[in-house]
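Chains as they are written, first to last, in the numbering used here: chain B, 1 to 247; chain R, 248 to 494. The structure appears right after this line, and notes come after that.
And the structure:
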């Protein structure tokens, strides 16, 4: 099994796995956020349908594939990133149960919507357009970072429509948008059930939040122990290594 | 200066202060929650109007009085607790700027409402009535713990009406109700701005959350470093001692 690498691309192993993935400095490479999301979500283990939205190079979907034997679909708008994901899925021999789709979260095809899924994940663009797009950014990165083609509401709406009753939506976001995220989830019948904050170091404000909601769930939110990334010496903490590197 | 103690009462010093307060095993004694709320809220320091709702024996208002030179009003429904608060305020010689009022959060007198306040705090009853009231509880404790006479929505509505534009509402709650709290605050034009979770020990889920919102504020929520109460040996952590005992 081998990955087809094109100019400007490289092969990395996904953190904590033996899975190769195609990355690119100029187009897309995953960040900690994506890995933590893939490990945070409650997955159906033996079978089920999983959907990753705004899937980029497919990193979240591939992490989910290490945790679930179910069928996984991943949807990405950008053709360039979609092609990278296709080749990474093929290179891992996962075509039978992992499907990379080029599509728009705002109008998903019928077979990806309509209340079929057990789990929907998304590592969406974090920044509202009002905060402005840096001119220096290339188009690929701008689309992945800013709400140009997909807002938080688009993601939550699509997630709710795709989930079956009792299915779960798991998101990663900046903590600044937590209130908005909770309000939107409840507006689309997703009850926030599980929350975890990531802090760069002890005593520091959080810079990342993971939230999972259940479609049609009852009220009642649990907040897990926080995840601290770095020790005072600048190394990964043991708790972070456990989750991120599976050590 | 001396406190008038009645049968079944005792005098304690408020954690981290030299302030005496009247407590009672059978009627009301404060918990960690109240102290953390009094230390968490952003207070106007030199002057201003502060209001504590569901004030119990007055502990939150008295902590605020150590941090602000402003005028503080505290509102409690139960006559027995209100009287304890009156005597503690008097015993601390604070009658000139701390006023204990007997009143109902659902219908505050005009001088405590109408957009006058810089800060409103509340350590409300935590438990919805559907979770049931233990028959063993006495009436005083049942009213302080369960939403018999005052719901979370009553508190947030009253807080919003009492605050001036830009004023802050600071609450302590169980994390289970965070989603509801955020939804209600936004419904009453209070934007959640600052969040802190309390965890009983490292690696444990949170069992307490502090949240502050600003009336008419812009979206954008910051999540402070979490507060861990106990070390593995069962002693207070140094960060907790700093906040709780001011050491």
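Cβ atoms here follow ideal geometry from the backbone N, Cα and C, with glycine treated the same way. This structure is a prediction, so every number in the text was calculated from the model and none was measured.
Beta-carbon spacing of residue 303 of chain R, residue 260 of chain R below 8 angstroms:
no
Would a check of beta-carbon distances place residue 242 of chain B closer than 8 angstroms to chain R?
Against chain R, the CB of residue 242 of chain B has no partner CB under 8 angstroms away; the residue lies outside that interface.
Flag residue 495 of chain R as yes if its beta-carbon sits less than 8 angstroms from any beta-carbon of chain B, otherwise no.
Residue coverage of chain R in this structure runs from 248 to 494, which leaves residue 495 of chain R outside it and unanswerable.
Residue 253 of chain R classed as buried or exposed, judged by whether at least 16 other C-beta atoms fall within 10 angstroms:
Its Cβ having fewer than 16 others within 10 Å, residue 253 of chain R is exposed.
Going by C-alpha to C-alpha distance, which of R:277, R:280, R:323, R:279 sits closest to residue 298 of chain R?
R:323
Determine, using beta carbons only, whether residue 49 of chain B and residue 118 of chain B come nearer to each other than 8 angstroms.
yes
Is residue 203 of chain B near the ligand NAD, going by C-beta to nearest heavy atom under 7 angstroms?
Looking for the ligand NAD in the displayed structure turns up nothing, as the structure carries no ligands at all.
Cβ contact check for the segment 406-415 of chain R and the segment 183-196 of chain B: 3 or more pairs under 8 angstroms
no
Determine the extent of the beta strand (DSSP E) in which residue 74 of chain B is found, giving its start and end residues.
71-76
Looking only at DSSP bridge pairs, what is residue 259 of chain R linked to?
R:268
Quick one: any contact between the segment 194-207 of chain B and the segment 390-405 of chain R, if contact means 3 or more CB pairs under 8 angstroms?
no
For residue 51 of chain B, which residues in chain R fall below 8 angstroms Cβ to Cβ?
Near residue 51 of chain B there are no residues of chain R at all, since even the closest Cβ is about 23 angstroms away, more than 8 angstroms.
Does DSSP put residue 372 of chain R in a helix, in a strand, or in coil?
coil
Within chain R, partners of residue 203 of chain B - CB distance below 7 angstroms:
472
Does the structure place the segment 77-90 of chain B close enough to the segment 33-49 of chain B that three or more beta carbon pairs sit under 8 angstroms?
no
At 4 residues or longer, what runs of the alpha helix (DSSP H) sit wholly inside the segment 300-369 of chain R?
306-314, 326-338
If you measure between the beta carbons of residue 144 of chain B and residue 175 of chain B, is that distance less than 8 angstroms?
Result no, Cβ atoms of residue 144 of chain B and residue 175 of chain B do not sit closer than 8 angstroms.
How about residue 43 of chain B and residue 62 of chain B: do their beta carbons lie closer than 8 angstroms?
no
Please work out which residues of its chain come closer than 6 angstroms, Cβ to Cβ, to residue 172 of chain B, disregarding the five sequence neighbours upstream and downstream, and give them in chain order.
In its chain, beyond the 5 residues on either side, 33, 37, 123, 210 have a beta carbon closer than 6 angstroms to the beta carbon of residue 172 of chain B.
Where the beta strand (DSSP E) through residue 461 of chain R begins and ends:
455-462
Let me know the secondary structure DSSP gives residue 223 of chain B once reduced to three states.
strand
Contacts around residue 301 of chain R, its chain only, beta-carbon distance under 8 angstroms, and the 5 residues preceding and following it disregarded
Closer than 8 angstroms at Cβ, skipping near neighbours: 322, 323, 324, 352, 369, 370, 371, 372, 391, 397, 402.
Within 8 angstroms, strictly: CB atoms of residue 193 of chain B and residue 157 of chain B:
For residue 193 of chain B and residue 157 of chain B, no; Cβs fall outside 8 angstroms.
Name the chain B residues that come within less than 8 angstroms of residue 444 of chain R, Cβ to Cβ?
197, 223, 226
Is there a Cβ from chain R that is less than 8 angstroms from the Cβ of residue 256 of chain B?
Limits of chain B in this structure are 1 at one end and 247 at the other, which puts residue 256 of chain B out of reach.
In terms of alpha-carbon separation, which member of R:478, R:327, R:474 lies closest to residue 287 of chain R?
R:474
When you compare the CB positions of residue 189 of chain B and residue 160 of chain B, do they come within less than 8 angstroms of one another, or not?
yes
Beta-carbon within less than 8 angstroms of residue 387 of chain R's beta-carbon, same chain only, minus the 5 sequence neighbours each way: which residues are those?
273, 274, 275, 325, 327, 328
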